[in-house]
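Trainee: Structure incoming, see below.
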Amino acid sequence: MRVLVVDDEPPARERLRSLLAEIPGCAVVGEAATGAEALAAVAQASPDVVLLDIRMPGMDGLEAARHLAHLDSPPAVVFTTAYDQHALAAFEAQARDYLLKPVRRERLEQALAAARSLNRAQLEALQRAGAEAARSHVSANVRGRLQLVAVREVAAFKADQKYVSVLHAGGELLIEDSLVSLEQEFGVRFLRIHRNALVCPDFLEALEKTPSGQCRVRLRGVRETLEVSRRHLPELRRLLKGL
Amino acid sequence: MGTPAAVARELVREDSFFLPDFCGMRTVFLVVLVAELLAFVLVLAGDVSGPQIWDSLALLSLFVQWSALLSAAVLCGLRPWLRRLSLWLAAGVSYLAILVVVAGVGEVAYMLLYSGFAQPGIVLNAHGEFLLRNMAIGAIIGAVVLRYFYVQQQWRQRLESETRVRIEALQARIRPHFLFNSMNTIASLIRVRPELAEEAVLDLAELYRATLTLGDGLVPLAAELGLARRYLGVERLRLGERLAVEWELDDAPQDVLLPVLSIQPLVENAVYHGVERLERGGTVRIAVQRDRGRICVKVSNPVAPGGAQQRAHGSHMAIENITERLHAYFGRRGSLRGIPQDARFCVEMCFPEVRSMAELQ
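Listed in order, the protein sequences are those of chains A and B. Read in order, the letters of the first sequence are residues 54 to 296 in our numbering. Read in order, the letters of the second sequence are residues 9 to 369 in our numbering.
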């Protein structure tokens, strides 16, 4: 069994590593100190199981697991935590297994034997109940590889028929989240300008009028302009005035 | 099973209005009991004797129970409305309600008993006297009963607030998060660096001893800074390079007194909400300065992007608890406040230069 150890504290990783060394049939294939590092390590080492700390700086464990769930064959995930009331309550509610640090060897063996991958709905519920609701990144599976875009680099979300496309400085990414759920998750960071679009005010460059009388916004780093509906125009105008 | 915080909140939510629920089983029973005892007293004190005493008791009981139960019913009905009034207004209105009920019941009783056979001249006199006597008894008993409820509610409230303060004090002390993470660190160090593990165990022991034994005392600044150092020593093992600490102690007098565990929780907040949330970590700065006859301790930390530290619940608890204790010892001269800074969160705790308990008096 190939195991990836993820924890932001060096002694915690050390300890899991030495425990795993004693369990027959287990091999540690990598370590990571943050959620983002963990995703990279999974892509590189393709472990069977990820031991994932919940509380980590930057991208936390719950978010990392949500991104992992996009993979074609995601690794099984076992969460670890020292003490986190909110997260634990959520885990109990979902009847999910987790490890409490310091971890006992027998408990670790048990958890590894029973480990399976979680689906996205379960993970979303877990994260919503945990301390932090909003993700730091959005992600999608692009030809078998996980692609991430930091939320702070996102200029707009635009809904097409089935997917939402994320417009960011580096290009465009299709994700499976719905516009409504994104609006709820990220709150005031994005402003609705149309039934099918949310924009980040930080990226607003100009409001333009087409010859046909339609209003469109131009966003920094994005080639196409986005349509603004009549209903959302006043709020956008107010915001532009304040900038 | 509730957490201590939930228990505390439950206690606080418990009714804070001084009148009990008069429609409740227990209260109604109490009212009936007290009314009956009053009837007994009245009969025993009266000049009726022989077998007639039972008739007298029956009649008086009927009258007293009517007055008492009707008063209870009226207060039960008025209660939701009374709750919204100020204490004195609510007490006044309840008192008035009782008097009106007693007068009403007295009037009806008089009509039923005497109106049939009394003569005109005497009637007026006896009628007036009867009503006045009733009102006087009602006024005295009503006042005693209301006072009783008020005192009982005060006592219950004090008990509740004492419990709450104690629970909060316990919670504001060292976080379980820290304890379990430290245990984990120690478990890993025991194999590779036993001497460091030993050091960590000693530091932890000292910290927990401080939380248990010193209770609510005052300690010298040097001791309190020592606790903060022990705490940071353990955290440093866990977080490694991510945690840096800067001390600016200059000419801080080491012997001034301050509440025990007042600096350590501030430092713990700085680590928990600040440094620990940053991938690259950061520096916790602890500065002690003299400022116009007071000593000011400043603890600051870098803030994680998007992390609003002030609103965090645990941080709030600790700050409230320390503020409460500062006020208890130093009155207005003790203070704790957050100072907004760019990209950092800073709290400043100030207290007068006091070197002995005698100076505090």
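Every residue, glycine too, gets a C-beta built ideally from N, C-alpha and C.
Could you pull out every unbroken alpha helix (DSSP H) segment of at least 4 residues lying fully inside the stretch 327-369 of chain B, listed in chain order?
Mentor: 365-368
Trainee: Listed in chain order, which residues of the stretch 61-77 of chain A have Cβ atoms closer than 7 Å to some Cβ of chain B?
Mentor: E62, P63, P64, A65, E67, R68, S71
Trainee: Across which residues does DSSP place T134(A) in a beta bridge pair?
Mentor: L153(A)
Trainee: Straight-line CA distance for A129(A) to S231(A)?
Mentor: Near 26 Å, if we compare the C-alpha coordinates of S231(A) and A129(A).
Trainee: For S196(B), which residues in chain A fall below 7 Å Cβ to Cβ?
Mentor: P64, A65, E67, R68
Trainee: Grab me the residues of R333(B)'s own chain with a C-beta within less than 6 Å of its C-beta, minus the 5 sequence neighbours each way, in chain order.
Mentor: P267
Trainee: Since A195(B) sits in a beta bridge, which residues does DSSP pair it with?
Mentor: According to DSSP, A195(B) bridges with nothing at all.
Trainee: Is the CB of T87(A) under 8 Å away from at least one CB in chain B?
Mentor: For T87(A), the answer is yes, since a Cβ of chain B falls inside 8 Å of its Cβ.
Trainee: Would you say P348(B) reaches chain A, if we count a Cβ-Cβ gap shorter than 8 Å as a contact?
Mentor: no
Trainee: Between the stretch 129-144 of chain A and chain B, which residues of the former have a C-beta closer than 8 Å to a C-beta of the latter?
Mentor: So the list reads A135, Y136, D137, Q138, given in the order they occur along the chain.
Trainee: For R298(B), which residues in the same chain have their Cβ closer than 6 Å to its Cβ, ignoring the five residues on either side in sequence?
Mentor: none
Trainee: Checking the sheet assignment: what are the DSSP bridge partners for V102(A)?
Mentor: DSSP lists V56(A), A129(A) as partners of V102(A).
Trainee: Within 8 Å (strictly less), CB to CB, does G248(B) reach chain A?
Mentor: So, interface residue.
Trainee: Going by other Cβ atoms of all chains shown within 10 Å of its Cβ, with 16 needed for buried, is Q237(A) buried or exposed?
Mentor: Classification of Q237(A): exposed, given that the 10 Å Cβ count is below 16.
Trainee: Flag G240(A) as yes if its beta-carbon sits less than 8 Å from any beta-carbon of chain B, otherwise no.
Mentor: no
Trainee: Roughly how many angstroms separate the alpha carbons of L269(B) and S102(B), rounded to a whole number?
Mentor: 47 Å
Trainee: At the level of alpha carbons, what is the spacing between G106(B) and R91(B)?
Mentor: Sequence check: residue 106(B) is Ile here, not Gly. Between I106(B) and R91(B), the alpha-carbon positions lie close to 17 Å from each other.
Trainee: If we ignore side chains and look at the alpha-carbon of each, how far apart do E225(A) and P348(B) end up?
Mentor: 38 Å
Trainee: Does any residue of chain A have a CB that is nearer than 8 Å to the CB of T193(B)?
Mentor: yes
Trainee: Pick helix, strand or coil for F157(B), following the three-state DSSP scheme.
Mentor: helix
Trainee: Indicate whether A122(A) and L176(A) have their beta-carbon atoms separated by less than 8 Å.
Mentor: yes
Trainee: Please list the terminal residues of the continuous alpha helix (DSSP H) segment that includes P313(B).
Mentor: Careful: P313(B) lies outside any alpha helix (DSSP H) and carries neither H nor E.
Trainee: Taking only the alpha-carbon atoms, compute the straight-line gap between L153(A) and Y136(A) and give it to the nearest angstrom.
Mentor: 7 Å
Trainee: Assign E243(B) to buried or exposed, taking buried as 16 or more other Cβ atoms, counted over all protein chains shown, within 10 Å of its Cβ.
Mentor: buried
Trainee: Bridge partners of T8(B), per DSSP?
Mentor: Nothing about residue 8(B) can be read from this structure; chain B reaches only from 9 to 369.
Trainee: For L124(A), which of Q267(A), L199(A), R158(A), A164(A) has the nearest alpha-carbon?
Mentor: L199(A)
Trainee: Hey, out of P264(A), L257(A), V275(A), L279(A), whose CA is closest to L292(A)'s CA?
Mentor: L257(A)
Trainee: Can you look up Q200(A) in the DSSP assignment and give me helix, strand or coil?
Mentor: strand
Trainee: Could you please give me the residues that DSSP links to F2(B) through a beta bridge?
Mentor: Examination of residue 2(B) is not possible in this model, given that chain B is present from 9 through 369 alone.
Trainee: Answer yes or no: does any C-beta atom of chain A fall closer than 8 Å to that of L226(B)?
Mentor: no
Trainee: Since C1(B) is in the alpha helix (DSSP H), which residue starts that stretch and which ends it?
Mentor: Outside the displayed span of chain B (9 to 369) sits residue 1(B), for which this structure offers no information.
Trainee: Under the assumption that R67(A) contacts V200(B) (Cβ atoms under 8 Å), give the Cβ distance between them as a whole number of angstroms.
Mentor: It should be noted that the sequence gives Glu, not Arg, for residue 67(A). So it is a contact: roughly 7 Å between Cβ atoms.
Trainee: So what's S218(A) in DSSP terms, helix, strand or just coil?
Mentor: strand
Trainee: For P155(A) and chain B, any beta-carbon pair shorter than 8 Å?
Mentor: Closer than 8 Å to some Cβ of chain B, the Cβ of P155(A) qualifies, so yes.
Trainee: Got a sec, what are the start and stop residues for the beta strand (DSSP E) F239(A) sits in?
Mentor: Not the beta strand (DSSP E): F239(A) falls in the alpha helix (DSSP H), residues 232-239.
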